[in-house]
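First residue of the sequence shown? That's 1 in full-length UniProt numbering, and the numbers climb one at a time after it.
What follows is a single structure, written as structure tokens, with notes after it.
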Amino acid sequence: MKTRRHMRRVAMAAGLAALLAIGGAVTLDRLDAAYPPPLVPAPLSVEVLDRDGALLRAYAASDGRWRLPADIDTLDPQFLKMLVAYEDKRFWSHPGVDMRALGRAALQLLWNGRIVSGGSTLSMQLARHTEPRAARSFSAKFRQIARALQIERRLSKREILERYLTLAPYGGNLEGVRAASLAWFGKEPHRLGLEEAALLVALPQSPEARRPDRHPQMAKTARDRVLARMAGAGVIIESEVARASEAKLAGRRLPMPAYAAHLADAVVQAEPDERVHRLTISRSAQAGLEEVAARAARGLGPRVSVAMVLADAQTGAVLARVGSAGYFNVARAGWIDMSVAERSPGSTLKPFIYGLAFEEGLVMQETMIEDRPGNFSGYRPRNFDMAYQGDVSVRTALQMSLNVPTIRLLDAVGPVRLVARMRRAGVPPALPPGETPGLAIGLGGAGLTLEGLVQLYGGFANRGRVRPLHYLDNAEIAAHPPSVLTPQAVWQVSDILSGVAPPKDAPRLGIAYKTGTSYGYRDAWSVGYDGRRVLGVWAGRPDGGSVPGLTGYLAAAPILFEAFSRSGVGIVPFPPAPAGAIRLAASDLPFPMRRFSADGGGFRAGAPVEPAPEIVFPPQGARIDVGLARGARVMPLALKINGGRAPFRWLANGEPLPEAYRRRRANWVPDGGGASTLTVIDAAGRSASVDVFLE
Numbered sequence: 001m002k003t004r005r006h007m008r009r010v011a012m013a014a015g016l017a018a019l020l021a022i023g024g025a026v027t028l029d030r031l032d033a034a035y036p037p038p039l040v041p042a043p044l045s046v047e048v049l050d051r052d053g054a055l056l057r058a059y060a061a062s063d064g065r066w067r068l069p070a071d072i073d074t075l076d077p078q079f080l081k082m083l084v085a086y087e088d089k090r091f092w093s094h095p096g097v098d099m100r101a102l103g104r105a106a107l108q109l110l111w112n113g114r115i116v117s118g119g120s121t122l123s124m125q126l127a128r129h130t131e132p133r134a135a136r137s138f139s140a141k142f143r144q145i146a147r148a149l150q151i152e153r154r155l156s157k158r159e160i161l162e163r164y165l166t167l168a169p170y171g172g173n174l175e176g177v178r179a180a181s182l183a184w185f186g187k188e189p190h191r192l193g194l195e196e197a198a199l200l201v202a203l204p205q206s207p208e209a210r211r212p213d214r215h216p217q218m219a220k221t222a223r224d225r226v227l228a229r230m231a232g233a234g235v236i237i238e239s240e241v242a243r244a245s246e247a248k249l250a251g252r253r254l255p256m257p258a259y260a261a262h263l264a265d266a267v268v269q270a271e272p273d274e275r276v277h278r279l280t281i282s283r284s285a286q287a288g289l290e291e292v293a294a295r296a297a298r299g300l301g302p303r304v305s306v307a308m309v310l311a312d313a314q315t316g317a318v319l320a321r322v323g324s325a326g327y328f329n330v331a332r333a334g335w336i337d338m339s340v341a342e343r344s345p346g347s348t349l350k351p352f353i354y355g356l357a358f359e360e361g362l363v364m365q366e367t368m369i370e371d372r373p374g375n376f377s378g379y380r381p382r383n384f385d386m387a388y389q390g391d392v393s394v395r396t397a398l399q400m401s402l403n404v405p406t407i408r409l410l411d412a413v414g415p416v417r418l419v420a421r422m423r424r425a426g427v428p429p430a431l432p433p434g435e436t437p438g439l440a441i442g443l444g445g446a447g448l449t450l451e452g453l454v455q456l457y458g459g460f461a462n463r464g465r466v467r468p469l470h471y472l473d474n475a476e477i478a479a480h481p482p483s484v485l486t487p488q489a490v491w492q493v494s495d496i497l498s499g500v501a502p503p504k505d506a507p508r509l510g511i512a513y514k515t516g517t518s519y520g521y522r523d524a525w526s527v528g529y530d531g532r533r534v535l536g537v538w539a540g541r542p543d544g545g546s547v548p549g550l551t552g553y554l555a556a557a558p559i560l561f562e563a564f565s566r567s568g569v570g571i572v573p574f575p576p577a578p579a580g581a582i583r584l585a586a587s588d589l590p591f592p593m594r595r596f597s598a599d600g601g602g603f604r605a606g607a608p609v610e611p612a613p614e615i616v617f618p619p620q621g622a623r624i625d626v627g628l629a630r631g632a633r634v635m636p637l638a639l640k641i642n643g644g645r646a647p648f649r650w651l652a653n654g655e656p657l658p659e660a661y662r663r664r665r666a667n668w669v670p671d672g673g674g675a676s677t678l679t680v681i682d683a684a685g686r687s688a689s690v691d692v693f694l695e
């Protein structure tokens, strides 16, 4: 019996040698034509990448496997050296079959009566992964040899190695070195430690038996065997072996990255045929904000969630978007993306109301305005704390977020105008069907998303121009974005909001910010910006339930300041004031600007019946020759108006002219050329402005 088994092994070895002997070009050509190798790529995991190519989120392939493509240019060089030296040291020179390794395997089989080493090359292993067989047998081995020879004729060595490192099994449903490195070590395989690289070399030979989470001792033994053999082969130095062997194994399998999970889901659903999606998100900023959101939510209550959006106002690129305090947190309804949920914005629209008032010349920062109960055609707003401050400056009213002064200004500029500017910026508020915008919109009486609010506030960080937010890195950017406010009005608002004190224990960051709280303590908001970026924060319950004591200043503002610090983007200083934007002391204000005189939509007793002033010369946008191009003495420029009530106060680039005029004509001697803004204010505080260019 022994002799018969011995003769059978000899015959098998002889058959193996015979197969190699007939592997000539003619035979391979015929074999290729009759039985082409199955090299159709296996389904790969969908990847969502950040702006720098870092993995934000991956999805299992259609067959349920985590399978990410390998690129040897981005793999750890030491790992590649160890892999080739351990698995197939003549990989770069053999034609797919290593005759010396196969001869050694055949002799070991004859001598020991069992398979000691298979002699498989990486090409043969790739053949096995692309065309798996249920059991090990000589016929399966012969087929692998033939397939390896075919593969070598079709693919380069680099392609063979990359395909092997994409398909090799690493335990469970992990295939490929990238999926394995992420699952076992939480990192991409371009920065593996020596002990990690050795484990990844050892795992594919017996992936289930050596899983470090289930069989740590077997995994360690296999890893240390690789280290010892690599030291003996001179691939690593002996002194490194002891250190690497002391390293602890990964005790558990880590979840795949799931940064910006809500956004990733939306992008993949929008483009289901794309395998790789590249976003404008910064992974480091995203990770920092997600950590801040999760920690803040724990301190706010068991059912409270937090959402954040960070954007570059100059380009509209979203740098981070946190949809909830934890995508997988069931208690906080983490699957709901609150960054795109419509909620009441509270007081966060107030800066735009004040901006419109500045733009129309109704007020300046030190203009006094009443904070007393008022009746606006039946609408009686009250302050958040139910108290009133009496007469306050416009600057103080906005910094304290007083409700009544805000409604006085909104009544003067008109809620329809506010909504029109929002729509121009691409952020229309949600109103009941058929309802005309009313004064309540100034205190949160409309629906708005956090994403929309951040886009709207982008106008404050971009000199009044609003860029639509986008997430894809190939999005087209419009050359001329719409303007929501003039640069001068933006500067006035930003100058006020940058003076608001930070929340308790938060450092001054050099940002401007505004908070808001919706009715019934359902939504807490805080939006801040510097000279380039905007960050918005929402906190509340996804189901709309009330959270007693939840306010923008106490809940959302601390998150805003911490998130700005943890985002890693740095603070960009505000730009200098544009021409015409200055802050005058109360004593320097033109007389009509010292006190806002509108009340509930009508002027006080003695208000004029004349129409509002209108500048008829110079006209809007005119280019006027005042002698600068000829080097001559600058000529006075005639100013003419219609309507209004005398006396009239003129401002040139924010500076009042020396005297008030009772006539509708005036003269102005420019002190230089270029763009200028001219404003006239009548005795009732009504104003008109034009922008001209002097040359």
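Where a beta carbon is used, it is the ideal one built from N, C-alpha and C, also for glycine.
Being a predicted model, the structure only gives us computed values, none of them experimental.
On the premise that residue j lies in contact with residue i, defined as a C-beta separation below 8 Å, what is that separation, rounded to the nearest angstrom?
{"i": "residue 257", "j": "residue 57", "result": "6 Å"}
{"i": "residue 686", "j": "residue 612", "result": "4 Å"}
{"i": "residue 744", "j": "residue 198", "result": "The displayed coordinates of the chain run from 1 to 695. Any statement about residue 744 would go beyond what the structure contains."}
{"i": "residue 548", "j": "residue 521", "result": "6 Å"}
{"i": "residue 752", "j": "residue 429", "result": "Any question about residue 752 goes unanswered here, given that the chain covers just 1 to 695."}
{"i": "residue 677", "j": "residue 488", "result": "7 Å"}
{"i": "residue 467", "j": "residue 313", "result": "6 Å"}
{"i": "residue 130", "j": "residue 167", "result": "7 Å"}
{"i": "residue 235", "j": "residue 75", "result": "Actually they do not touch by this definition, with Cβ atoms about 15 Å apart."}
In terms of alpha-carbon separation, which member of the options lies closest to residue i?
{"i": "residue 526", "options": "482, 546 and 500", "result": "500"}
{"i": "residue 695", "options": "623, 335 and 660", "result": "623"}
{"i": "residue 229", "options": "552, 126 and 82", "result": "82"}
{"i": "residue 668", "options": "626, 646, 542 and 683", "result": "626"}
{"i": "residue 591", "options": "281, 235 and 682", "result": "682"}
{"i": "residue 43", "options": "293, 275, 649 and 128", "result": "275"}
{"i": "residue 35", "options": "128, 146, 122 and 447", "result": "146"}
{"i": "residue 180", "options": "67, 474, 641 and 448", "result": "67"}
{"i": "residue 696", "options": "399, 410 and 369", "result": "The requested residue 696 is not part of the displayed model; the chain covers only 1 to 695."}
{"i": "residue 214", "options": "555, 178 and 252", "result": "252"}
{"i": "residue 375", "options": "386, 404, 661 and 399", "result": "404"}
{"i": "residue 400", "options": "515, 296 and 72", "result": "515"}
{"i": "residue 388", "options": "231, 273 and 373", "result": "373"}
{"i": "residue 280", "options": "300, 321, 166 and 298", "result": "321"}
{"i": "residue 541", "options": "689, 348 and 341", "result": "341"}
{"i": "residue 88", "options": "497, 563, 205 and 470", "result": "205"}
{"i": "residue 77", "options": "52, 185, 190 and 60", "result": "190"}
{"i": "residue 323", "options": "647, 420, 483 and 293", "result": "293"}
{"i": "residue 473", "options": "364, 655, 53 and 550", "result": "53"}
{"i": "residue 596", "options": "412, 266 and 245", "result": "412"}
With residue i as the anchor, note down where its alpha helix (DSSP H) starts and where it stops.
{"i": "residue 128", "result": "122-130"}
{"i": "residue 407", "result": "403-413"}
{"i": "residue 195", "result": "194-202"}
{"i": "residue 394", "result": "394-399"}
{"i": "residue 353", "result": "350-359"}
{"i": "residue 284", "result": "283-300"}
{"i": "residue 246", "result": "238-246"}
{"i": "residue 386", "result": "Per DSSP, residue 386 belongs to no alpha helix (DSSP H) and is neither H nor E."}
{"i": "residue 163", "result": "157-167"}
{"i": "residue 224", "result": "216-232"}
Quickly, what does DSSP pair residue i with across the bridge? List them, please.
{"i": "residue 642", "result": "614"}
{"i": "residue 376", "result": "379"}
{"i": "residue 273", "result": "Note: residue 273 sits in no beta bridge, so no partner."}
{"i": "residue 310", "result": "320 and 535"}
{"i": "residue 514", "result": "527"}
{"i": "residue 279", "result": "472"}
{"i": "residue 174", "result": "66"}
{"i": "residue 652", "result": "655 and 678"}
{"i": "residue 485", "result": "DSSP, once it has assigned bridges, lists no residue as partnering residue 485."}
Which residue comes first and which comes last in the beta strand (DSSP E) that contains residue i?
{"i": "residue 693", "result": "687-694"}
{"i": "residue 668", "result": "665-668"}
{"i": "residue 677", "result": "674-681"}
At a cut of 8 Å, does the region 424-433 reach the region 524-544 through at least three beta carbon pairs? They do not touch, by the three-pair rule.
Pairs of beta-carbons, one from the region 290-307 and one from the region 324-338, closer than 8 Å: are there three or more? The answer is yes - the region 324-338 touches the region 290-307, with three or more Cβ pairs under 8 Å.
Does the region 535-542 touch the region 450-461, meaning 3 or more C-beta pairs lie closer than 8 Å? yes
Can we say the region 558-574 touches the region 341-352, given the rule of at least three CB pairs closer than 8 Å? no
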